[in-house]
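S.K.:
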Amino acid sequence: MPISPRVPGNSVDSLVQHATDNQVCRITLNRPEALNAITPDQRERIIELLADASAGPAVRAVVLTGTGRGFCAGADLRGGAAAAERTSRDQVPGDVARTIRLGAQRLIAAVLDCEKPVIAAVNGTAAGLGAHLAFACDLVLAAESARFIEVFVRRGLVPDGGGAYLLPRLVGPQRAKELMFFGDALTAPDAERLGLVNRVVPDEELAKTAREWAERLATGPTRALALTKQLVNASLDTDRTTAFAAEAAAQEINMTTEDAREGVASFVERRGAEFKGG
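Residue 211 in our numbering sits at position 218 of the sequence shown, with consecutive numbering throughout.
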């Protein structure tokens, strides 16, 4: 697998735009001419921004989206056949595994491990690693024109970026194999029907809906959401005894937060809760 070159003439901040407003961090992939295929520089910047969102009290929700016709067309392979052949000749055993482990897998882990809720606002094609980037998010909104493609089989490749981990957990092993074996494009409505997408909206309403969902999450009990995310993500990999123990521990931790105390007080006082994120 070739390592993509830097994109000349562009700073990473122009290729990965970000802004925080109303405690929502919006991360936007901005290479529309390449359907937002991700370069190594972009990947590292996204990982950094997600880590900052996790640690920063000013951020309580994240929206990940793209510009143009593509959400993300996967990893940038602009090196082409000659670069791939040259890289293949120079490789030694372990190089490919290391590249995947330190690249695509780190990106997906950064989304899964982010302590704030992450919404994917899928504005167009999400292919390969781009599809897995969306599926790793906590909630997925899709424009009607969006498509999801497990493109790896078309290139004779094994899925990377956690695809064989994510898809069976979302749609079951048989559906996951169908998507990965054939590599057919999946429309947004079909993705919603399979459970890969929470909601499909008209293209012109995607940004508005994503903003509304994110701002609603940003006014919620941030630590409780983080602990809930952690419990749900771990649930399919643990037995009942371990899951119940994790749930009890999460409850113990959460009851020390200001938001939990506010939630209980608001119930007793019969008023709406005002969560501050602490």
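Heads up, the beta-carbon is just placed ideally off N, CA and C, and yes, glycines get one too.
If you're wondering where the values come from, they're calculated on a predicted model, not measured in any experiment.
Can you check the segment 2 to 83 for any alpha helix (DSSP H) of at least 4 residues that lies completely inside it and give the ranges in chain order?
M.R.: Listed in chain order, they are 5 to 8, 33 to 48, 73 to 83.
S.K.: What are the start and end residues of each continuous alpha helix (DSSP H) run of 4 or more residues lying completely inside the segment 108 to 134, in chain order?
M.R.: DSSP runs (the alpha helix (DSSP H)) wholly in the segment 108 to 134: 122 to 128.
S.K.: Quick one, are the C-beta atoms of Asp34 and Leu70 less than 9 Å apart?
M.R.: No.
S.K.: Report, in whole angstroms, the separation of the C-beta atoms of Val56 and Ala203, which I expect to be a contact under 8 Å.
M.R.: With a Cβ gap of about 5 Å, Val56 and Ala203 count as contacting.
S.K.: Answer yes or no: the CB of Asn191 versus the heavy atoms of the ligand SAH, is any distance below 8 Å?
M.R.: With respect to the ligand SAH, the structure shown offers nothing to examine, as it has no ligands at all.
S.K.: Might you give, ordered along the chain, the residues of its own chain that have their beta carbon closer than 7 Å to the beta carbon of Met248, omitting 5 neighbours on each side?
M.R.: Excluding residues within five positions, none has a Cβ falling inside 7 Å.
S.K.: Measuring CB to CB, does Ala66 end up less than 9 Å from Ala30?
M.R.: Taking 9 Å as the Cβ cut-off, Ala66 and Ala30 qualify as a contacting pair.
S.K.: Mind checking which residues open and close the alpha helix (DSSP H) that includes Thr234?
M.R.: Taken as a continuous stretch (DSSP letters only), the alpha helix (DSSP H) holding Thr234 covers 233 to 247.
S.K.: Could you pull the DSSP bridge partners for Leu179 from this structure?
M.R.: Answer is Phe141.
S.K.: Roughly how many angstroms separate the alpha carbons of Arg94 and Val115, rounded to a whole number?
M.R.: So the alpha carbons of these two residues sit roughly 25 Å apart.
S.K.: If the criterion is Cβ atoms closer than 9 Å, does the pair Leu284 and His125 meet it?
M.R.: Given a span of -6 to 271 for the chain in the structure shown, any question on residue 284 remains unanswerable.
S.K.: Please state whether DSSP places Phe268 in a helix, a strand or coil.
M.R.: In the structure shown, Phe268 sits in coil (DSSP, three-state: anything other than H, G, I, E or B).
S.K.: Do you know offhand how far Glu240's Cα is from Leu100's?
M.R.: Looking at the two C-alpha atoms, the distance is approximately 27 Å.
S.K.: How about Thr58 and Ala12: do their beta carbons lie closer than 9 Å?
M.R.: Against a cut-off of 9 Å, the Cβ pair of Ala12 and Thr58 comes out as no contact.
S.K.: In this structure, how does DSSP classify Arg94 when only helix, strand and coil are distinguished?
M.R.: Helix at Arg94.
S.K.: Hey, how far is the Cα of Arg140 from the Cα of Ala181?
M.R.: C-alpha separation (whole angstroms): 6 Å.
S.K.: Beta-carbon within less than 6 Å of Arg38's beta-carbon, same chain only, minus the 5 sequence neighbours each way: which residues are those?
M.R.: Contacts found: Val5, Val9.
S.K.: Span of the alpha helix (DSSP H) holding Val261?
M.R.: Where Val261 is concerned, the enclosing alpha helix (DSSP H) stretches over 251 to 261.
S.K.: Could you name the residues that DSSP lists as bridge partners for Val193?
M.R.: Paired residue(s): Ala135.
S.K.: When burial is assigned at 16 or more other CB atoms within 10 Å of the CB, is Gly154 buried or exposed?
M.R.: So Gly154 ends up on the buried side.
S.K.: Taking the continuous alpha helix (DSSP H) assigned at Gly156, which residues delimit it?
M.R.: Run containing Gly156: 156 to 164, per the alpha helix (DSSP H) assignment.
S.K.: Just how far apart, CA to CA, sit Gly271 and Thr235?
M.R.: Their Cα atoms are separated by approximately 27 Å.
S.K.: Return helix, strand or coil for Gly87, following the three-state DSSP convention.
M.R.: Correct three-state label for Gly87: coil.
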